[in-house]
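> Protein chains in written order, with this note's numbering: chain A, 1 to 408; chain B, 409 to 816.
Number of protein chains: 2
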Amino acid sequence: MTIEPIAGGSITSVPGFRASGVACGLKKNGALDLALVLSDWPCVGAAMFTTNAFQAAPVLYDRQTVAANPESLRAVVINSGCANACTGEPGLEDTRATAALAARELGVAPNAVLVMSTGVIGARLPMDKIAQGVRQAAAELSATEVAGHAASRAIMTTDTVPKTLAVRVNTQGASWTIAGMAKGAGMIHPNMATMLCAVVTDASLTPVTARSALQEAVDASLNRVTVDGDTSTNDTILLLANGQAGGAPIDSVDSAAYRAFVQGLTHLTIALAKALARDGEGATKFVEITVQGARSERDAHIVGQAVARSLLVKTALYGQDANWGRIVCAVGYSGVSVDPQCVSVWLGELELFRRGAPYDVDEARAAAILARDEVGIRIDLGQGTEQATVWTCDLSHGYVDINAHYRT
Amino acid sequence: MTIEPIAGGSITSVPGFRASGVACGLKKNGALDLALVLSDWPCVGAAMFTTNAFQAAPVLYDRQTVAANPESLRAVVINSGCANACTGEPGLEDTRATAALAARELGVAPNAVLVMSTGVIGARLPMDKIAQGVRQAAAELSATEVAGHAASRAIMTTDTVPKTLAVRVNTQGASWTIAGMAKGAGMIHPNMATMLCAVVTDASLTPVTARSALQEAVDASLNRVTVDGDTSTNDTILLLANGQAGGAPIDSVDSAAYRAFVQGLTHLTIALAKALARDGEGATKFVEITVQGARSERDAHIVGQAVARSLLVKTALYGQDANWGRIVCAVGYSGVSVDPQCVSVWLGELELFRRGAPYDVDEARAAAILARDEVGIRIDLGQGTEQATVWTCDLSHGYVDINAHYRT
Numbered sequence: 001m002t003i004e005p006i007a008g009g010s011i012t013s014v015p016g017f018r019a020s021g022v023a024c025g026l027k028k029n030g031a032l033d034l035a036l037v038l039s040d041w042p043c044v045g046a047a048m049f050t051t052n053a054f055q056a057a058p059v060l061y062d063r064q065t066v067a068a069n070p071e072s073l074r075a076v077v078i079n080s081g082c083a084n085a086c087t088g089e090p091g092l093e094d095t096r097a098t099a100a101l102a103a104r105e106l107g108v109a110p111n112a113v114l115v116m117s118t119g120v121i122g123a124r125l126p127m128d129k130i131a132q133g134v135r136q137a138a139a140e141l142s143a144t145e146v147a148g149h150a151a152s153r154a155i156m157t158t159d160t161v162p163k164t165l166a167v168r169v170n171t172q173g174a175s176w177t178i179a180g181m182a183k184g185a186g187m188i189h190p191n192m193a194t195m196l197c198a199v200v201t202d203a204s205l206t207p208v209t210a211r212s213a214l215q216e217a218v219d220a221s222l223n224r225v226t227v228d229g230d231t232s233t234n235d236t237i238l239l240l241a242n243g244q245a246g247g248a249p250i251d252s253v254d255s256a257a258y259r260a261f262v263q264g265l266t267h268l269t270i271a272l273a274k275a276l277a278r279d280g281e282g283a284t285k286f287v288e289i290t291v292q293g294a295r296s297e298r299d300a301h302i303v304g305q306a307v308a309r310s311l312l313v314k315t316a317l318y319g320q321d322a323n324w325g326r327i328v329c330a331v332g333y334s335g336v337s338v339d340p341q342c343v344s345v346w347l348g349e350l351e352l353f354r355r356g357a358p359y360d361v362d363e364a365r366a367a368a369i370l371a372r373d374e375v376g377i378r379i380d381l382g383q384g385t386e387q388a389t390v391w392t393c394d395l396s397h398g399y400v401d402i403n404a405h406y407r408t
Numbered sequence: 409m410t411i412e413p414i415a416g417g418s419i420t421s422v423p424g425f426r427a428s429g430v431a432c433g434l435k436k437n438g439a440l441d442l443a444l445v446l447s448d449w450p451c452v453g454a455a456m457f458t459t460n461a462f463q464a465a466p467v468l469y470d471r472q473t474v475a476a477n478p479e480s481l482r483a484v485v486i487n488s489g490c491a492n493a494c495t496g497e498p499g500l501e502d503t504r505a506t507a508a509l510a511a512r513e514l515g516v517a518p519n520a521v522l523v524m525s526t527g528v529i530g531a532r533l534p535m536d537k538i539a540q541g542v543r544q545a546a547a548e549l550s551a552t553e554v555a556g557h558a559a560s561r562a563i564m565t566t567d568t569v570p571k572t573l574a575v576r577v578n579t580q581g582a583s584w585t586i587a588g589m590a591k592g593a594g595m596i597h598p599n600m601a602t603m604l605c606a607v608v609t610d611a612s613l614t615p616v617t618a619r620s621a622l623q624e625a626v627d628a629s630l631n632r633v634t635v636d637g638d639t640s641t642n643d644t645i646l647l648l649a650n651g652q653a654g655g656a657p658i659d660s661v662d663s664a665a666y667r668a669f670v671q672g673l674t675h676l677t678i679a680l681a682k683a684l685a686r687d688g689e690g691a692t693k694f695v696e697i698t699v700q701g702a703r704s705e706r707d708a709h710i711v712g713q714a715v716a717r718s719l720l721v722k723t724a725l726y727g728q729d730a731n732w733g734r735i736v737c738a739v740g741y742s743g744v745s746v747d748p749q750c751v752s753v754w755l756g757e758l759e760l761f762r763r764g765a766p767y768d769v770d771e772a773r774a775a776a777i778l779a780r781d782e783v784g785i786r787i788d789l790g791q792g793t794e795q796a797t798v799w800t801c802d803l804s805h806g807y808v809d810i811n812a813h814y815r816t
């Protein structure tokens, strides 16, 4: 099989999907703030949601809707600027009204429409603006590349760049397109869940294979990202499959077609996960942390997350300081049992710490590595053969700037 | 019983303890960097150490020494500027040599001397400077107030103020002095352990009651502080009791005298814990988070720590933004099972969120509360009667400044 990126690809690269992105006044600066995605055919859908106990109204609504109607979903409305979280029953009513409004405009059943929201927690959706936005977005739906990219811009909050891409998966028996868009730059620490992410495909899936494929892909991608350790109230990833690629449906998780689809989907979601870390709030560096030599992949993941979450590691990376002691310190408090005498650490290809003892750091080489936009950290625990990679970013003055005055 | 602070108190407020603080060149700026505390009589000692898997050489040494010789400890040498962590067997040898050197200068047994170190991880102790410092510190030992305060300054790293105090505990049957000094401003997230802290008393304890009292006091104080979520390789708290107050020894954890001593000790360690949070790296605000209405004290503590660790809560506090959604979000991902409909949140006395629904925030009152140097957050989980308080600080540009270039 092959996985090829589609140049300039987006949601609308998948046959049978149209999209739009409009500005309806949710963002004070007049930027795009409402996206609509429509499938011309009914879709099999699967979704994963935040594990936060405070689940935003659209999370509660989508969870119920996907469970009740996993085989004939048609559209998703996504607004930025207001998370509609911690808004109680009135907030849930606003979400239902949003879906109903879109259903009427699109001529589909209300329970065929999903809703995602992102932005400030605790504020109600301004429904007059939402109504106007949904009408305009429905009118502007298009299968063009421009429309797909507008949708990906409309879901941004503190993101500095839109995150969207599409891939073509070719196997011997079939060929599918998978496309996705994601947003998220802060409050990013998915925990068996993720940030806002919509993925569409023309593959033919069943509810069971869609759910399974999504879980596998998310575990290997969006669940490996952290920006600031805060798990949001609104994290949602949605997969919509309209089956327009034709061919036999992927109806078994044991089939070769399923494995190929999971590979393609994981390729896409890893690219989106990396894009989220790269655009972390205030980030000046993208950081890939690989933990190898672990007893289990889970151990490797836990150690990687501890290092990725460490404020001291993140600020040292921002300061371009090869302060490996902070990396080792985070390994030590991760909760995974490690033997200090077996642990080694590399910055890029430069070894800093070998089996419990420091190397004299070649500060010139370290400085050259740390001056780059992308930094790799490798940690060998020396106790097994499993590994995991996590992605994060540094912690800069910019993060503090952005978050000291987010509401105001 | 009564607990009275001693004005200007420090380690030397306790009868039979002398101290000194000298500059031996470990700090580039010539500031005090080596402290020595000596008891004129043998002490019963107890200690608690970091749970980090990478334990610094002085942690390994002290653990062994306190276990082997808990009833005739005499002195502790504390250096700042170099943590002597991740330095392998040579680092351990340096710690042993430091203790031996001090023992010779003081005329006591080598296993009567403990060592603590704090500073950069991974660098070896410059033993020539340590030797010179230990000799000078031994020569300058004094029971004066000035000497006690010099010792507390010599253990500072990024601390902006020394943290030391002494209290007088009066009970019907006895009267003791308890004094302590602590350091720590970053890499502060004790986990069944603490930062560097030395506590001395003239109470008469046994190894068992000393250890038990220390554990109780630390659980209620230093284990309730977080600055940045990073648990250090060097965290150590040491209690030395020389018995000079006279009276019957406190030899049972069931005695009234033991309970009174624990109360006094906890009073002292809470004050030191608050001082650490208040002086967190870059902190502009001291934050006290009380979680009530919990099923257990442990649940309350877990929720409090999640809020205290949240970068988004901490940056909002820095920005004086009453962004209660971030507080609620952190409650939701803390791992404690909560019912959103039962949770309420207050900022100072201002209610922000009542049983799952937002209040319209009185922004003027919120701004006035957030303009203060000390901010209280109260969270009621509405599911029980237990509570816990944790202490932290905000996250400012200053934290990033300090930690981007710590080594350099």
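Heads up, the beta-carbon is just placed ideally off N, CA and C, and yes, glycines get one too. Bear in mind the structure is a predicted one, so any value in this text is a computation, not a measurement.
Are there 16 or more other CB atoms within 10 angstroms of the CB of residue 360 (chain A), so buried, or fewer, so exposed?
Per the 10 Å Cβ criterion, exposed.
> How would you call residue 584 (chain B), buried or exposed, if buried means at least 16 neighbouring beta carbons within 10 angstroms?
buried
> Using C-beta distances below 6 Å, list every residue in its chain close to residue 477 (chain B), excluding the 5 sequence neighbours before and after it, in chain order.
These residues qualify, in order along the chain: 519.
> Are there 16 or more other CB atoms within 10 angstroms of the CB of residue 748 (chain B), so buried, or fewer, so exposed?
The residue in question, residue 748 (chain B), is buried, as its Cβ has 16 or more Cβ neighbours within 10 Å.
> Less than 7 Å between C-beta atoms, sequence neighbours within five positions excluded: which residues of the same chain meet that for residue 640 (chain B)?
For residue 640 (chain B), where only same-chain residues beyond five positions count, the Cβ hits under 7 Å are 458, 460, 595, 603.
> Should residue 46 (chain A) and residue 32 (chain A) be called a contact, given that it needs their Cβ atoms to be closer than 8 Å?
Taking 8 Å as the Cβ cut-off, residue 46 (chain A) and residue 32 (chain A) do not qualify as a contacting pair.
> For residue 487 (chain B), report the span of its beta strand (DSSP E) as first-last.
481–487
> Run through chain B and tell me which residues come within less than 8 Å of residue 304 (chain A), C-beta to C-beta.
Ordered by position in chain B, no residue passes the 8 Å Cβ test against residue 304 (chain A), which lies about 15 Å from the chain.
> Using the DSSP secondary-structure output, state which residues sit across from residue 34 (chain A) in a beta bridge.
A:22, A:79
> Expressed to the nearest angstrom, what Euclidean distance is found between the alpha-carbon atoms of residue 839 (chain B) and residue 239 (chain A)?
No statement about residue 839 (chain B) is possible, as the shown extent of chain B runs from 409 to 816 and does not include it.
> For residue 726 (chain B), return the contacting residues in chain A, with the cut-off set at a CB-CB distance below 8 Å.
400, 404
> Output the residue ranges of the beta strand (DSSP E) runs that lie fully inside the stretch 275–348 of chain A and measure 3 residues or longer, sorted by chain position.
Counting only runs of 3 or more, we get 286–294, 344–347.
> For a test of the three-state rule: what should DSSP assign to residue 588 (chain B), helix, strand or coil?
strand
> State the start and end residues of the unbroken alpha helix (DSSP H) segment that holds residue 603 (chain B).
Premise fails: residue 603 (chain B) is in no alpha helix (DSSP H) and is neither H nor E.
> Closer than 8 Å is the cut-off here; do at least three beta carbon pairs connect the stretch 315–330 of chain A with the stretch 350–367 of chain A?
yes
> In three-state DSSP terms, what is residue 463 (chain B)?
coil
> Cα separation between residue 193 (chain A) and residue 209 (chain A)?
Only weak support is given to the placement of residue 193 (chain A): the predicted model assigns it a pLDDT of 49, under 50, and the value that follows is read from those uncertain coordinates. Each residue's alpha carbon lies about 18 Å from the other.
> Name the residue from A:132, A:207, A:54 whose alpha carbon lies nearest to the alpha carbon of residue 36 (chain A).
A:132
> The stretch 525–540 of chain B: which residues have C-beta closer than 7 Å to a C-beta of chain E, in chain order?
Of the protein chains in the structure, A and B, none is chain E.
> Shortest alpha-carbon distance to residue 276 (chain A) belongs to which of A:291, A:121, A:391, A:318?
A:391
> Listing by chain order, which chain B residues have their CB less than 8 Å from the CB of residue 353 (chain A)?
494, 530
> Go to residue 784 (chain B), then tell me how far its alpha helix (DSSP H) extends in each direction, as first and last residue.
Counting along the chain, residue 784 (chain B) falls outside any alpha helix (DSSP H), though it belongs to the beta strand (DSSP E) covering 782–788.
> Pull the bridge partners of residue 4 (chain A) from the DSSP assignment, please.
A:168
> Quick one: residues in its chain with C-beta nearer than 7 Å to the C-beta of residue 625 (chain B), no 5 flanking neighbours on either side, listed in chain order?
The answer, listed in chain order, is 670, 673, 674, 677.
> Since residue 237 (chain A) is in the beta strand (DSSP E), which residue starts that stretch and which ends it?
236–241
> Roughly how many whole angstroms lie between the Cα atoms of residue 254 (chain A) and residue 531 (chain B)?
53 Å
> Please report how far the alpha carbon of residue 400 (chain A) lies from the alpha carbon of residue 774 (chain B), in whole angstroms.
20 Å
> For residue 765 (chain B), list the residues DSSP reports as bridge partners.
B:762
> Compare the C-beta of residue 346 (chain A) with all C-beta atoms of chain B and state if any pair is closer than 8 Å.
For residue 346 (chain A), the nearest beta carbon of chain B is not closer than 8 Å to its own beta carbon.
> Which runs of the alpha helix (DSSP H) spanning at least 4 residues fall entirely within the stretch 510–579 of chain B, listed in chain order?
The stretch 510–579 of chain B contains these whole alpha helix (DSSP H) runs: 535–547, 553–562.
> Check distances from the C-beta atoms of the stretch 211–234 of chain A to those of chain B and list, in chain order, the residues that come in under 7 Å.
Those residues of the stretch 211–234 of chain A that come within reach of chain B (Cβ to Cβ, closer than 7 Å) are 228, 229, 230, 231, 232, 233.
> Taking the C-alpha atoms as reference points, what is the distance between residue 141 (chain A) and residue 126 (chain A)?
Each residue's alpha carbon lies about 22 Å from the other.
> Check whether the Cβ of residue 789 (chain B) lies closer than 8 Å to any Cβ atom in chain A.
Judged by the 8 Å Cβ criterion, residue 789 (chain B) is not in contact with chain A.
> How about residue 547 (chain B) and residue 514 (chain B): are their beta carbons less than 8 Å apart?
The criterion of a C-beta distance shorter than 8 Å is not satisfied by residue 547 (chain B) and residue 514 (chain B).
> Kindly give me the distance between the Cβ atoms of residue 200 (chain A) and residue 134 (chain A), rounded to whole angstroms, as I take these residues to be in contact under 8 Å.
Actually they are not in contact, since the Cβ atoms of residue 200 (chain A) and residue 134 (chain A) sit about 19 Å apart, beyond 8 Å.
> Do residue 103 (chain A) and residue 54 (chain A) have their CB atoms nearer than 8 Å?
no
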